[in-house]
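Here the structure is laid out as structure tokens; the discussion comes afterwards.
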Amino acid sequence: MKFDQPATRNPIDRLQVVGQPHDRIDGPLKTTGTAPYAYERHDVVANQAYGVIVGAAIAKGRVVGIDTVDARAAPGVIAVVTHQNAGKVGKAKAITAKLLAGPEIDHFHQAVAIVVADSFEQARAAAHLVRIDYQAAPGRFDLARGRESAVKPKTDEEPPDSAVGDFDGAFAQAAVKVEQTYTTPDQSHMAMEPFATIAAWQGDKLTLWTSSQMIDWARRDLSEILGIPRDMLHVISSFIGGGFGSKLWVRSDAVMAALASRAAGRPVKVALARPHIANNTTHRPATIQRIRIGAGRDGRITAISHESWSGDLPGGQPETAAMQTRLLYGGANRLTSHRLATLDLPEGNAMRAPGEAPGMMALEIAMDELAEALKMDPVDLRILNDVQSDPEKPGRAFSHRDLIGCLRTGAQRFGWDRRKATPAQVRDGRWLVGMGMASAFRGNLTMKSAARVAIDGRGKVTVYTDMTDIGTGSYTIIAQTAAEMLGVPLQQVEVRLGDSDFPVSAGSGGQWGGNSSTAGVFAACMKLRDAIARKAGLLPVDAQFADGRISAGTRSFTLAEVVGRNGLSAEDAIDFGDLAKTYAQATFGAHFAEVAVDAATGEVRVRRMSGVFAAGRILNPKTARSQVIGAMTMGLGAALMEEAVVDTRYGCFVNHDLAEYHVPVHADVPVQEVIFLDEVDDKSSPMKAKGVAELGLCGCAAAVANAVYNATGVRVRDYPITLDKII
Ligand code: MOS
3 MKFDQPATRN PIDRLQVVGQ PHDRIDGPLK TTGTAPYAYE RHDVVANQAY GVIVGAAIAK
63 GRVVGIDTVD ARAAPGVIAV VTHQNAGKVG KAKAITAKLL AGPEIDHFHQ AVAIVVADSF
123 EQARAAAHLV RIDYQAAPGR FDLARGRESA VKPKTDEEPP DSAVGDFDGA FAQAAVKVEQ
183 TYTTPDQSHM AMEPFATIAA WQGDKLTLWT SSQMIDWARR DLSEILGIPR DMLHVISSFI
243 GGGFGSKLWV RSDAVMAALA SRAAGRPVKV ALARPHIANN TTHRPATIQR IRIGAGRDGR
303 ITAISHESWS GDLPGGQPET AAMQTRLLYG GANRLTSHRL ATLDLPEGNA MRAPGEAPGM
363 MALEIAMDEL AEALKMDPVD LRILNDVQSD PEKPGRAFSH RDLIGCLRTG AQRFGWDRRK
423 ATPAQVRDGR WLVGMGMASA FRGNLTMKSA ARVAIDGRGK VTVYTDMTDI GTGSYTIIAQ
483 TAAEMLGVPL QQVEVRLGDS DFPVSAGSGG QWGGNSSTAG VFAACMKLRD AIARKAGLLP
543 VDAQFADGRI SAGTRSFTLA EVVGRNGLSA EDAIDFGDLA KTYAQATFGA HFAEVAVDAA
603 TGEVRVRRMS GVFAAGRILN PKTARSQVIG AMTMGLGAAL MEEAVVDTRY GCFVNHDLAE
663 YHVPVHADVP VQEVIFLDEV DDKSSPMKAK GVAELGLCGC AAAVANAVYN ATGVRVRDYP
723 ITLDKII
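Read left to right, the sequence shown gives residues 3 to 729 (my numbering).
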């Protein structure tokens, strides 16, 4: 189905099931430990052996010798696979780092070997017996130094640079200016479920139970790496314990499990050990961001520039931290750029709202600094500089944009009028108390997504799509969509996800999954409705679906009696066409935070957080709210604690587990208020919804940073805001 907005007949608008705060269908499975994750699929194939990956002990250089004699002789060992005996291993175009190294080593902990044994303990013990000699070469590990030689990258979709008007001239003449540099650190996804795969060959056919956000990308990339046709690959990912972008592409667990299983002649299961993940897989790259904003005394922006530097392995991609600055605020003279330094750190890639998450961390402090320079309220400054169409592409309106509504509602609900504009004025015992705010902004990507919907002779509906549920609620909102479209109770819908035998969906990434995948189910349901109507002898346009029945005029049948014993099924995909070119698509919000800073130690405690979001129709307020609470918690973490620390001597992240890489725990997280503005966006999708998950993260850290400034008068521009930077 081509989406031609506004959809003329749209049963979704009934909102009997969609829009309701249903509990997650998979909730009981998750909370009773009975949702099987990839590593736990003990039952799916017999005779599983265990693989343990050996990671490179240097960051850059060559393997000059491999001795596996002792490892092979160790108890229970079945096979040891390295680049010397793995056969031909290709590189996937979409993945920067090779997933089996050798003889060249591109980054620390890159997989160099896998040891397969009867038990996990035997494999782990034997992995220590693999002796690898390296010849280390000097590497580049420091972004601050690499910045000087950074180049203009080739970016996937949008060009790396943009320029409108005469930025330099307008900035020089601006009455009020901000010019600052901000840094964000490398960050690690730290999903609870590690990367894990069970691989099993049947002849030339390979089945993988793995933890993947994108089933079809996994199939595509594995096909390129292993050199086998796509249709010989079966990828299954039914439950996923968090991905945060790290599982958008297959990693070494999947590739090494496949190679190991072929060598061992047995199914092999592999999980990356927690301390391997930070360096073996991917991370969010650190950024240096220079922002210059010029405004008139009235607060209107006349010149805005955002330049970002980040690093990656050769052939990699920049962190697109300046992209949102092309769309968020007005101003006639504009400049954005991205520069990419070659670094020999592990692969940098998507993590939790790539681009906007670190970009908004910088831009929204800069806006706070501009408001202060103007002696203007930060909320008013943002309202004044709102735009309703793309400021860099004339004539391209936003499909729907209510940033102002978010700012006003948030300010009112939060009690923003109680904020003291001058910093360090409010004291509560030993605590300095302050308030901060920031806009939220995240693009709304839409992706083609297919589904098959079947109804059987008892009226039971089953949805098949290779969409994944990474903890987000996909099972639930897809069931709600099918129930709404076919007029059946939610309990009568079964949702089958995460299997490459099912139609190819949008997958889970970039907050496109919820809207795109339900739109795909919508399309398939429209087709099924037509088929049912025709079979009932009714005109599809007249047919109503409610209470398990199809009715038109005076005629009414149960779905079960119409479809008969063999049932009916229909498959279709949503195709969004040129929608994103016609309309600027984005989601909006406003973050407010109150913090207390210990006057003696600089310890920061967030006391309250409040977020208001405008992201189209909210398909399920409960799952959406959970997503945003999680995202705001990540924003708190990004503001105050998350940092993958680089050892620039050895080229690795040193804090590689949850003991040393800090994320917020319950005691760090205050009561969070989440409000969704009641809106629909009929130019975004037939669901009239948009993405919502990552929006809650974007801007959140800056609201905390601005609150820390308001509390203390200390402006920290280098994240995370640890106490040493305050006192
Ligand atoms: Mo998201 S970082 O695109 O999974």
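Heads up, the beta-carbon is just placed ideally off N, CA and C, and yes, glycines get one too.
Closest by C-alpha distance to residue i, when choosing among the options
i    : options                   : result
A198 : A58, A40 and T283         : A40
R607 : R454, D680 and D430       : D430
T70  : A58, T84, V694 and A59    : T84
R16  : Q587, D549 and H668       : D549
M643 : Y663, N657 and T625       : Y663
K271 : R43, L530 and L699        : R43
S248 : A260, R292 and A352       : A352
Q427 : V716, I55 and G333        : V716
C654 : K32, F110 and Q86         : F110
V257 : H285, Q291, S240 and R222 : R222
I290 : L581, T183 and M439       : T183
S510 : D168, D218 and D255       : D218
E159 : D419, V673 and Q319       : Q319
M437 : G445, E349 and A413       : A413
I238 : M216, S254 and P231       : M216
L499 : L530, Q629 and T478       : T478
D684 : A661, Y585 and V599       : Y585
A2   : Y52, T283, V465 and D600  : Look at the range of the chain in this structure, 3 to 729, and you will see that residue 2 is not part of it.
K156 : I14, S339, Q326 and A125  : S339
T464 : Q494, S451, G298 and E123 : Q494
V2   : C700, A704, D120 and I631 : Here the chain covers residues 3 to 729 and nothing more, so residue 2 does not appear.
Rounded separation between residue i and residue j - CA only
i    : j    : result
F615 : D314 : 33 Å
Q18  : F547 : 12 Å
F524 : G489 : 13 Å
D206 : D659 : 37 Å
A442 : A592 : 5 Å
A602 : V435 : 13 Å
F143 : V656 : 13 Å
T185 : A305 : 22 Å
G267 : D468 : 28 Å
K692 : R454 : 22 Å
D6   : A582 : 13 Å
M439 : E374 : 13 Å
E735 : A288 : One cannot answer for residue 735 here, as it falls past the ends of the chain, which runs 3 to 729.
heavy atom of the ligand MOS below 8 Å from residue i C-beta
i    : result
A413 : no
R747 : For the chain, the structure presents residues 3 to 729; residue 747 sits outside this window and is missing.
M353 : yes
E696 : yes
P356 : yes
L250 : yes
F246 : yes
G318 : no
G301 : no
G511 : yes
Q215 : yes
Cut-off 8 Å between Cβ atoms - residues of its own chain near residue i, not counting five sequence neighbours on either side
i    : result
I107 : A58, I60, A61, K62, G63, R64, V65, V114 and Y136
T424 : none
V47  : I200, A202, T209 and P269
Other residues of its chain near residue i: CB distance less than 6 Å, five sequence neighbours each side excluded
i    : result
S553 : Q546
V565 : I457
G92  : E226, I227 and G229
T411 : V614
H191 : F246, S248 and M353
S310 : T289, Q291, A323, A324 and H340
Neighbourhood of residue i by C-beta, 7 Å cutoff - its chain only, sequence neighbours within 5 removed
i    : result
K727 : V718 and D720
P316 : T344
V671 : T635 and L638
Residues bridged to residue i [DSSP beta-bridge criterion]
i    : result
K32  : Note: K32 sits in no beta bridge, so no partner.
C654 : D649
I677 : V614
R596 : The sequence shown places Glu at residue 596, not Arg. In DSSP, E596 forms a bridge with M437 and R610.
V65  : Y136
Y761 : Examination of residue 761 is not possible in this model, given that the chain is present from 3 through 729 alone.
D577 : K4
I729 : According to DSSP, I729 bridges with nothing at all.
L642 : According to DSSP, L642 bridges with nothing at all.
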